[in-house]
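Start counting the sequence shown at 2; every next residue gets the next number (our numbering).
Reviewing the structure listed below.
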Amino acid sequence: MSWRCTGRSNAELVANLKRHGLIKTDAVQKAMEAIDRADYCPFEAYVDGPQHIGYDATISAPHMHAHAVETLAPFLKPGAKVLDVGSGSGYLCAVFGEMVKPNGLVVGIEHIPQLVNLSLANLQKSPPTSSILSTSPSNTVSSPSSTVIQILQSDGRLGHSESAPYDAIHVGAAAKGFPEELIKQLKAPGRMFVPVEEDDGGQGQRQPAQFIYVVDKDEEGNVTKTRRYGVMYVPLTDRKEFQEREDR
């Protein structure tokens, strides 16, 4: 299915995602049309597959981005607050920024300093986001009077409590178990999209299985975790773990 969505332009890519039922709502279609993937993906931007962006990181395939944004769409309303953990290239921060206009807040967390700089450069060159990007070095984000995107260097597993609670949380790397700190920072009601590593159940797989989970918190704070489908993401780590992997 995924390769069928490849396009020759951003508009064609989005149209193919819509035609194959991966984009379901007008709001998601408009947001993904507004943000040109080529500003965030240096090679084969319109191919429906993951692409390397350096530093052992990838930008997810467009169909996975469509799945994620559609899953979170009921909570991506004007004025909403969004946390993007493992924000990488900054692409989804830009799409989320379109979804929560006006008066929304998008906080991207990335522990690799080079990727923080890359995402800031990408967001600054992209016309829809350059005017709403905050380049303040502060690790706190005040309540915005207009939509703001901010990228912070930090351990994404800890979230960013200063701006919590969040209406929606997206996690772009596979967590080892459910990230309880992020669940705490989820608004009631709110929703999180997260890939989770699970053990192989004794099947002897060389790598743990990964599944997308949708974590919903209702108005009373009750949490429901729903497993959706199998995936393959890079692991959710901190800077120390990343460096240890690089040194092997």
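Think of the CB as a built atom: it goes at the ideal place given N, C-alpha and C, for glycine as much as any other residue.
### Query
Roughly how many whole angstroms lie between the Cα atoms of G8 and P63?
As a working mapping, residue 8 is identified with position 7 in the sequence shown. As a working mapping, residue 63 is identified with position 62 in the sequence shown. For G8 and P63, the distance between alpha carbons rounds to 11 Å.
### Query
Between the segment 52-59 and the segment 19-32, are three or more C-beta pairs nearer than 8 Å?
Contact between the segment 52-59 and the segment 19-32 is absent: fewer than three C-beta pairs spanning the two stretches fall below 8 Å.
### Query
How far does the alpha helix (DSSP H) with E34 in it reach, from first residue to last?
By 1-based counting over the sequence shown, the position of residue 34 is 33. Residues 27-35.
### Query
For the candidate residues E111, T130, I113, whose alpha-carbon lies nearest to that of M100?
Against the sequence shown, residue 100 aligns to sequence position 99. If we check each option's Cα against that of M100, T130 comes out closest.
#### Entry: Rounded straight-line distance, which links the Cα of K82 to that of P114
Numbered from its first residue, the sequence shown carries residue 114 at position 113. Numbered from its first residue, the sequence shown carries residue 82 at position 81. Computed Cα separation, rounded: 23 Å.
### The alpha helix (DSSP H) enclosing V149, as first and last residue numbers
On the sequence shown, residue 149 is found 148 positions in, with the first residue counted as 1. Not the alpha helix (DSSP H): V149 falls in the beta strand (DSSP E), residues 149-154.
### Task
With a threshold of 16 other CB atoms inside 10 Å of the CB of A122, please say whether the residue is buried or exposed.
Here residue 122 refers to the residue found at position 121 when the sequence shown is read from its first residue. Exposed, by the Cβ-count rule.
### N-terminal and C-terminal residue of the alpha helix (DSSP H) that Y92 is part of
Here residue 92 is taken as the residue at index 91 of the sequence shown, counted from 1. Residues 92-100.
### Message
Give me the residue from R38, F76, L14, T59 with the minimum Cα distance to E220.
### Response
Counted from its first residue, the sequence shown places residue 220 at position 219. Comparing C-alpha distances from E220 to each of R38, F76, L14, T59 shows the shortest one belongs to F76.
### Message
Checking 9 Å against the spacing of the C-beta atoms, do S120 and S155 come in under that value?
### Response
Taking the first residue of the sequence shown as position 1, residue 120 is located at position 119. Taking the first residue of the sequence shown as position 1, residue 155 is located at position 154. No, the pair does not count as a contact, with Cβ atoms beyond the cut-off.
### Query
Who are the Cβ neighbours of E198 in its own chain at under 8 Å, not counting the five residues just before and after it?
Mapped onto the sequence shown, residue 198 falls at position 197. A175, A176, K177, G178, P209, A210, Q211, P236, listed in sequence order.
### Query
Whose CA, out of L18, L93, G231, lies closest to the CA of I152?
Residue numbering aside, residue 152 sits at position 151 when the sequence shown is read from its first letter. That would be L93, whose Cα lies nearest to the Cα of I152.
### Query
Nearest-angstrom Cα distance between V195 and L23?
Working through the sequence shown from its first residue, we reach residue 195 at position 194. Working through the sequence shown from its first residue, we reach residue 23 at position 22. Computed Cα separation, rounded: 18 Å.
### Within 9 Å, strictly: CB atoms of R228 and I213
Within the sequence shown, numbered from 1, the residue matching residue 228 stands at position 227. Within the sequence shown, numbered from 1, the residue matching residue 213 stands at position 212. It is a contact, given that the beta carbons lie within the stated cut-off.
### Message
Looking at S61: is its Cβ nearer than 9 Å to the Cβ of A74?
### Response
Residue 61 sits at position 60 when you count from the first residue of the sequence shown. Residue 74 sits at position 73 when you count from the first residue of the sequence shown. Pairing S61 with A74 gives a Cβ-Cβ distance that is not under 9 Å.
### Message
On a Cα-Cα basis, can you pick out the residue from L106, H21, L18, E111 that is closest to V172?
### Response
For the purposes of this step, residue 172 is taken as the residue at position 171 of the sequence shown. It is E111.
### Message
Under DSSP, the alpha helix (DSSP H) around V15 begins and ends at which residues?
### Response
In the sequence shown, residue 15 corresponds to position 14, counting from 1. 11-20 is the extent of the alpha helix (DSSP H) around V15.
#### Entry: E181, DSSP secondary structure in three states
Position 180 of the sequence shown holds residue 181. Three-state DSSP puts E181 in a helix.
### Task
Please list, in chain order, all residues of the same chain as A165 whose beta carbon is under 7 Å from its beta carbon, the five residues on each side excluded.
Position 164 of the sequence shown, counted from the first residue, corresponds to residue 165. Closer than 7 Å at Cβ, skipping near neighbours: Q186.
### Query
Which of helix, strand or coil does DSSP assign to T227?
Position 226 of the sequence shown, counting from 1, holds the residue named residue 227. Strand, per DSSP.
### Message
Let me check one thing: in DSSP terms, what residues is K82 bridge-paired to?
### Response
Here residue 82 corresponds to residue number 81 of the sequence shown, with the count starting at 1. Answer is L106, bridged to K82.
### Query
Taking DSSP as the reference, what is the three-state secondary structure of F76?
Translated into the one-based positions of the sequence shown, residue 76 becomes position 75. It is helical.
### Query
Applying the criterion that 16 or more other CB atoms from any shown protein chain within 10 Å of the CB defines a buried residue, is S135 buried or exposed?
Translated into positions along the sequence shown, residue 135 becomes position 134. Classification of S135: buried, given that the 10 Å Cβ count is 16 or more.
### Query
In the structure shown, what three-state DSSP assignment does G157 receive?
Translated into positions along the sequence shown, residue 157 becomes position 156. Looking at G157 - three-state DSSP - the assignment turns out to be helix.
### Message
Quick check on DSSP: helix, strand or coil for P196?
### Response
Here residue 196 refers to the residue found at position 195 when the sequence shown is read from its first residue. In the structure shown, P196 falls within a strand segment according to DSSP collapsed to helix, strand and coil.
#### Entry: Distance, L14 Cα to C6 Cα
In the sequence shown, the residue the question calls residue 6 occupies position 5. In the sequence shown, the residue the question calls residue 14 occupies position 13. Approximately 6 Å between the Cα atoms of the pair.
### Task
With DSSP collapsed to three states, give me the class of D49.
The sequence position of residue 49 within the sequence shown is 48, counting from 1. Reduced to three states, the DSSP call for D49 is coil.
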